[in-house]
Amino acid sequence: MEITAREIAQKLNGEIAGDPEVRISAPARIEYGKPGNICFFANPKYEHYVYTSKASAILVNRSFVPARPVAATMIKVDDAYQAVAVLLEYFQSLKKSRRRGGLLSRLFPRYSKGRGTHVGKGTWIGDFVTIGRNCTIGRNCTIHPNVSIADNVTIGDDTVLYAGVRIYSDCKVGSRCILHSNCVIGSDGFGFAPQDDGSYRKIPQMGNAVIEDDVEIGAGTCVDRATMGSTIVHNGVKLDNLCQIAHNVEVGAHTVMAAESGAAGSAKIGEYCMFGGNSMVVGHISVADHTTLAADSVITKTIRKSGQTLMGYPAMDADKYKKAYVRFRQAAEEKE
Amino acid sequence: MEITAREIAQKLNGEIAGDPEVRISAPARIEYGKPGNICFFANPKYEHYVYTSKASAILVNRSFVPARPVAATMIKVDDAYQAVAVLLEYFQSLKKSRRRGGLLSRLFPRYSKGRGTHVGKGTWIGDFVTIGRNCTIGRNCTIHPNVSIADNVTIGDDTVLYAGVRIYSDCKVGSRCILHSNCVIGSDGFGFAPQDDGSYRKIPQMGNAVIEDDVEIGAGTCVDRATMGSTIVHNGVKLDNLCQIAHNVEVGAHTVMAAESGAAGSAKIGEYCMFGGNSMVVGHISVADHTTLAADSVITKTIRKSGQTLMGYPAMDADKYKKAYVRFRQAAEEKE
Amino acid sequence: MEITAREIAQKLNGEIAGDPEVRISAPARIEYGKPGNICFFANPKYEHYVYTSKASAILVNRSFVPARPVAATMIKVDDAYQAVAVLLEYFQSLKKSRRRGGLLSRLFPRYSKGRGTHVGKGTWIGDFVTIGRNCTIGRNCTIHPNVSIADNVTIGDDTVLYAGVRIYSDCKVGSRCILHSNCVIGSDGFGFAPQDDGSYRKIPQMGNAVIEDDVEIGAGTCVDRATMGSTIVHNGVKLDNLCQIAHNVEVGAHTVMAAESGAAGSAKIGEYCMFGGNSMVVGHISVADHTTLAADSVITKTIRKSGQTLMGYPAMDADKYKKAYVRFRQAAEEKE
Chain A
2 MEITAREIAQ
12 KLNGEIAGDP
22 EVRISAPARI
32 EYGKPGNICF
42 FANPKYEHYV
52 YTSKASAILV
62 NRSFVPARPV
72 AATMIKVDDA
82 YQAVAVLLEY
92 FQSLKKSRRR
102 GGLLSRLFPR
112 YSKGRGTHVG
122 KGTWIGDFVT
132 IGRNCTIGRN
142 CTIHPNVSIA
152 DNVTIGDDTV
162 LYAGVRIYSD
172 CKVGSRCILH
182 SNCVIGSDGF
192 GFAPQDDGSY
202 RKIPQMGNAV
212 IEDDVEIGAG
222 TCVDRATMGS
232 TIVHNGVKLD
242 NLCQIAHNVE
252 VGAHTVMAAE
262 SGAAGSAKIG
272 EYCMFGGNSM
282 VVGHISVADH
292 TTLAADSVIT
302 KTIRKSGQTL
312 MGYPAMDADK
322 YKKAYVRFRQ
332 AAEEKE
Chain B
2 MEITAREIAQ
12 KLNGEIAGDP
22 EVRISAPARI
32 EYGKPGNICF
42 FANPKYEHYV
52 YTSKASAILV
62 NRSFVPARPV
72 AATMIKVDDA
82 YQAVAVLLEY
92 FQSLKKSRRR
102 GGLLSRLFPR
112 YSKGRGTHVG
122 KGTWIGDFVT
132 IGRNCTIGRN
142 CTIHPNVSIA
152 DNVTIGDDTV
162 LYAGVRIYSD
172 CKVGSRCILH
182 SNCVIGSDGF
192 GFAPQDDGSY
202 RKIPQMGNAV
212 IEDDVEIGAG
222 TCVDRATMGS
232 TIVHNGVKLD
242 NLCQIAHNVE
252 VGAHTVMAAE
262 SGAAGSAKIG
272 EYCMFGGNSM
282 VVGHISVADH
292 TTLAADSVIT
302 KTIRKSGQTL
312 MGYPAMDADK
322 YKKAYVRFRQ
332 AAEEKE
Chain C
2 MEITAREIAQ
12 KLNGEIAGDP
22 EVRISAPARI
32 EYGKPGNICF
42 FANPKYEHYV
52 YTSKASAILV
62 NRSFVPARPV
72 AATMIKVDDA
82 YQAVAVLLEY
92 FQSLKKSRRR
102 GGLLSRLFPR
112 YSKGRGTHVG
122 KGTWIGDFVT
132 IGRNCTIGRN
142 CTIHPNVSIA
152 DNVTIGDDTV
162 LYAGVRIYSD
172 CKVGSRCILH
182 SNCVIGSDGF
192 GFAPQDDGSY
202 RKIPQMGNAV
212 IEDDVEIGAG
222 TCVDRATMGS
232 TIVHNGVKLD
242 NLCQIAHNVE
252 VGAHTVMAAE
262 SGAAGSAKIG
272 EYCMFGGNSM
282 VVGHISVADH
292 TTLAADSVIT
302 KTIRKSGQTL
312 MGYPAMDADK
322 YKKAYVRFRQ
332 AAEEKE
């Protein structure tokens, strides 16, 4: 299955520099491009590959002015990074779609489904999946093998649950979500009442967890249910692997959190935030929209001003942190 | 199902201020309280809700003196936080209990169980659970679907294993424990002998992991087995999600560890400690009872004095850390 | 099953000091050694146990000169730590090997296997395992229950997958690997193209993840698939529990990463590195061979010089970090 550079340029509203009839069969990383490949160039660190690549075509930003001759056909677009998503979607659509099971597996399904549960048309359910009672699963979902869905769970349309996802009772997952393997939705919040003898008594966690639409949740990530009410992950949020969302947290729409980051109980994170890997927000505070938190940093107080970039523990303005860290580092050179 | 404020006060040894006959049907968070709800007030940050809440009743500490009139009936108790646990348990008990399976599933169970394994009365086992050989599972346990229990495992009474829990061979779990989805008990410790060529040779991990009674373990948390002997999580310990307990660690009774915290190999953590999120203890050291470790901090040396609050990396007295951090931050303002 | 100290010394090319005929039945930790046990002494912190242990034999380094009389038979070897691995392997081999399933389970297997999939001789597959289409599983593998393997996966010989391992489509796992429970191989990389309205569009992750030979991967650890090409974990790498390997990362041969550590997208980690717990490397940089990174530290820039020990955030020379931290700590004592 091949496509010409000209056809790709048409798809992406791009402009051609070079041979428009060169034939492309697959995408590749710019370091590894071979004849027949189309590669992508957006990060300036990789510019030297543009001049040495053996790829047939390279997708670049319209603003890119090559410093040296480029052998490959260049396809110039407004935003190469956005265009990559579109182009990869095209190539992925060429791959065969998932099987929907043979006659035998439809007659003798190897999954289990409780009473009162309804599964929408076009939804595929893998082997050894368990779905509890009174659940509603939407249309065209893909539920990979070995998933567990407890009672009274609602899932929207076109959602994908990879193998080993766990959803506790009473939780809701929206439409067009992607939940990766072994993520856990709705486990008990970490709430205990200290007793007079120093031991702890569990506080029942009676609420649920709500994952809205277009959310992607990484492998192994945990979203706890609320003590009362709901832990909410709003529309379009992207959580990477091994993140922790504690009880009663709200994550605002279109916020992205990198791997191993977390939010402690009742934290309220704004919209369009970006959290680096291994960062966290302590409990019972709120974080303004458009906040960027550097990797391995901790927000310890409510952030009211939106649009800040924070770093350190406690998190402070990132530029100040870096400046202060230079001083910290210099101290090692001073005499004592 | 309704109950009056007076009846609740009786359950909790509380005192009424306001209408004792107001009818309560459900608990709610104080921000969202509606008529028919009972809410809880303990954290001073939420005091303003006490005066504006539409809830029918509010549980408060006996010491609370309202600054303004309160429309809701107040139920005053010695410790509102402890009382919440009792009250939520009451409301949870009103919800229907888990199904125990129909006749069909009892005749043709969809789980597997090895030879020599004994399961106590009243224990419910979900679909696609695997239990190895020579295991002993106590009474009235709930083993949710898709759990794996290997050979020679012992589990006490009234323990709950949520979907996807993994227990390796030879491990022990006590009574009244709650293990959340996808936690792993008894995986191999991380032990390798460096070889002369720089590669590593696995050191067989021949011990086991022992979880004592009344322990709660969060989703995705891992407790490794010992090289020899046992990794031990003592009575009443509460581990949050995604924690790491390495081989040969001991976690003292009634210690609580927040999400993503960890203890490296052979660390010995005392009783009644509290660890913040993402904190850790390095290997081969011990930590005194009643130690509090702030989030994202690292204990690097044995702590002998009990009752300290520590912060930073390496962890030091928390107040000192905060003071030093103020200086660190000021350095960014100084001229160079 | 017993063996004499003399026989053990022969196996290990060791020298005896004490009674060579003392009989050993099991290994034990030096703190808990009893008659019939052999214990190991390598860490100087534990020297006092050498003099008080009730064990029948103690394995020590040839260079060890006891300060006091030792009751146990000492077996002196070049490297006690290496010898432990050999000796524990011996004791483990005495334990009965895993069952290979009865006739019934061979006739009516309770796992599922897609068309075109080939499983090598001697491979055991537990209940409720799912293997997709067109997979190749090598010989003498052990696939514990409740594992999910998607389509087009290749696995070498003698590899062990513990319960709940998830392998996404198109991934490769080598020979003699050990993958612990609930680890996830090949989940989507965290790649999204920001749209003009601030939301994100998923970038399809079309590559795969490749785990080479002799790799051990801890419980709950995630290795994402590449956007294009492969995420690669090279020969002999050891990853502890709950680690995160992002898309397009390469982990060099014989590198070890402790629990909760991680590498962000496209990071390239050298060979023979050692990463402490909870440490991380940011994306798109490379780290020289033989780099040691302290716990809870973050490498933020390419490290070209091999053999360094780094600490802090951003990571700097570890000795300098410690010195600077002393100054930081002193600041808390100064008057303001």
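Protein chains in written order, with my numbering: chain A, 2 to 337; chain B, 2 to 337; chain C, 2 to 337.
All C-beta atoms in this analysis are idealised placements derived from N, C-alpha and C, irrespective of residue type, glycine included.
All of these numbers come straight from a predicted model, not from anything done at the bench.
| Item | Value |
| --- | --- |
| Classify Thr-301(A) as helix, strand or coil using the three-state DSSP reduction. | coil |
| Would you please state the rounded distance, in angstroms, between the beta carbons of Lys-306(C) and Ala-333(A)? I believe it to be under 8 Å. | Contact doesn't hold; Cβ gap of about 18 Å is too wide. |
| So Lys-12(A) contacts chain C; which residues on that side make the cut at Cβ distance below 9 Å? | Per Cβ cutoff of 9 Å: no residues; Lys-12(A) is ~15 Å from chain C at best. |
| Check whether the region 246 to 253 of chain B touches the region 69 to 78 of chain C, taking contact to mean three or more Cβ pairs, one atom from each stretch, closer than 8 Å. | no |
| Pick from Ile-132(C), Pro-195(C), Phe-109(C) and Ala-289(C): whose alpha carbon is nearest that of Val-120(C)? | Ile-132(C) |
| Kindly identify the DSSP beta-bridge partner or partners of Phe-191(A). | Answer by DSSP bridge pairing: none, since Phe-191(A) is not bridged. |
| Do the CB positions of Ala-227(A) and Gly-208(A) come within less than 8 Å of each other? | yes |
| Listing by chain order, which chain B residues have their CB less than 9 Å from the CB of Met-258(A)? | What Met-258(A) touches in chain B: nothing, since even the nearest Cβ is about 13 Å away. |
| Using a Cβ cut-off of 7 Å, pull out every chain A residue sitting near Asp-189(C), in sequence order please. | His-181 |
| From the DSSP output, which residues share a beta bridge with Glu-16(A)? | Lys-77(A) |
| Look at the Cβ atom of Val-257(C), then the Cβ atom of Tyr-201(B), and state whether they are nearer than 8 Å. | yes |
| Any beta carbon of chain C sitting closer than 8 Å to that of Met-275(B)? | no |
| For a cutoff of 8 Å on Cβ pairs, would you count Phe-65(B) as touching chain A? | no |
| Any idea what DSSP makes of Pro-28(A), helix, strand or coil? | strand |
| Just verifying my parser: in three-state terms, what is the DSSP assignment at Ser-231(C)? | strand |
| Mapping the DSSP letters down to three states, classify Ala-6(B) as helix, strand or coil. | helix |
| Note down the Cα distance separating Ser-113(C) from Phe-129(A), rounded to an integer number of angstroms. | 9 Å |
| Can you name the residues of chain A whose CB is closer than 9 Å to the CB of Phe-92(B)? | Pro-205 and Met-207 |
| Taking only beta-carbon atoms, is Ala-210(A) less than 8 Å away from chain B? | no |
| Consider the Cβ of Asp-128(A): report whether some Cβ of chain C lies at a distance smaller than 8 Å. | yes |
| Using a cut-off of 7 Å between C-beta atoms, extract the partners of Lys-324(B) located in chain C. | Ala-333 |
| How about Ser-267(B) and Asn-279(B): do their beta carbons lie closer than 8 Å? | no |
| What in chain B is Cβ-close to Tyr-314(A), meaning under 7 Å? | Asp-297 |
| Could you name the residues of chain B that Arg-30(C) contacts, counting a contact when the two beta carbons are closer than 7 Å? | Met-229 and Gly-230 |
| From which residue to which residue does the alpha helix (DSSP H) around Asp-320(A) run? | 319 to 332 |
| Let me know the secondary structure DSSP gives Val-216(A) once reduced to three states. | coil |
| Residues of chain C with CB closer than 9 Å to the CB of Lys-239(A), please, in chain order. | Phe-191, Phe-193, Tyr-201 and Lys-203 |
| Please check if any C-beta of chain A sits within less than 8 Å of the C-beta of Lys-302(C). | no |
| Ordered along the chain, which non-local residues of its own chain (more than five positions away) have a Cβ less than 8 Å from that of Leu-243(C)? | Gly-219, Ala-220, Gly-221, Thr-222, Ala-260 and Glu-261 |
| Closest by CA to Phe-193(A), which one among Val-161(B), Cys-142(B) and Val-87(B)? | Val-87(B) |
| Just reading off the beta strand (DSSP E) that Thr-310(B) is part of, what are its end residues? | 310 to 312 |
| Using three-state DSSP, classify His-49(C) as helix, strand or coil. | helix |
| Distance cutoff 8 Å, beta carbons only. Does Leu-294(B) sit that close to anything in chain A? | no |
| Report yes or no: is there a C-beta of chain B within less than 8 Å of the C-beta of His-285(C)? | no |
| With a cut-off of 8 Å on the beta carbons, I'd call Lys-35(A) and Ala-56(A) a contact; round off their distance for me. | 7 Å |
| Give every residue of the same chain whose Cβ lies closer than 8 Å to the Cβ of Met-2(C), excluding the five residues on either side of it in the sequence, and list them in chain order. | Ser-26 and Leu-95 |
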